[in-house]
Every structure is written in C-alpha cells, then in structure tokens.
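Residue numbers (this note's numbering): 65 to 158. Even for Gly, the Cβ is constructed at its ideal location relative to N, Cα and C. Comments concern the structure below.
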C-alpha cells in the first residue's frame, strides 16, 4: 500500500509538470523530498533512526512531522507563486 501511495504521488507530480500547472524548477525539490521521504519511510530501521535523531518517543510521529513540514513548505511555495501570477496578470491587464 505504501508503494502505491508513493507511485500515485509521483504520477501526480508528472501530470502537473506535463500540463505546465507546476513549474518544475522551483517546486521540484519539495516534491522530490516528499518522494524520498515516502520511499525511505518504508524502512522500519530508518523510522527508528530518525526518531532517535529528533528525540521523538513515537517513531511514526517523526515521519508525520517531517511530512507536515514538507507539505507546509510546498503549500507556502505554491501560495507565493499564485500571488506572483496574480500580480503579473494585473500588470498585463493594465
């Protein structure tokens, strides 16, 4: 099931970049980080190691917190991109 989720996210990223809804030059690091996190979080050893490094008692919580951080960064990037596009549209309309 985990592999399916990672593959669906990868497919979604490919579709978004092919349709030119997403600029790959800026959003790629965020999506790539989420993809890598999804792949390495399939390893119980990695989950335990990252929890020890972050001093988190519950190992799965460490992965959830990292994923939330990456999603927050991605949504912040996308929000600023939409704001910039709106500014450009207003400038073109004038």
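- Taken through DSSP and simplified to helix, strand or coil, residue 117 comes out as helix.
- In its chain, beyond the 5 residues on either side, 134 have a beta carbon closer than 6 Å to the beta carbon of residue 98.
- Excluding the 5 residues flanking it on each side, residue 127 has same chain C-beta neighbours closer than 8 Å at 101, 105, 111 and 114, in chain order.
- Counting only the Cα atoms, residue 138 lies some 14 Å from residue 147.
- Distance check between residue 136 and each of 69, 116 and 94 places 94 closest, using alpha-carbon atoms only.
- In this structure, 103 is the residue among 144, 80 and 103 with its C-alpha nearest to the C-alpha of residue 68.
- Residue 82 sits in a helix when the DSSP states are folded into three classes.
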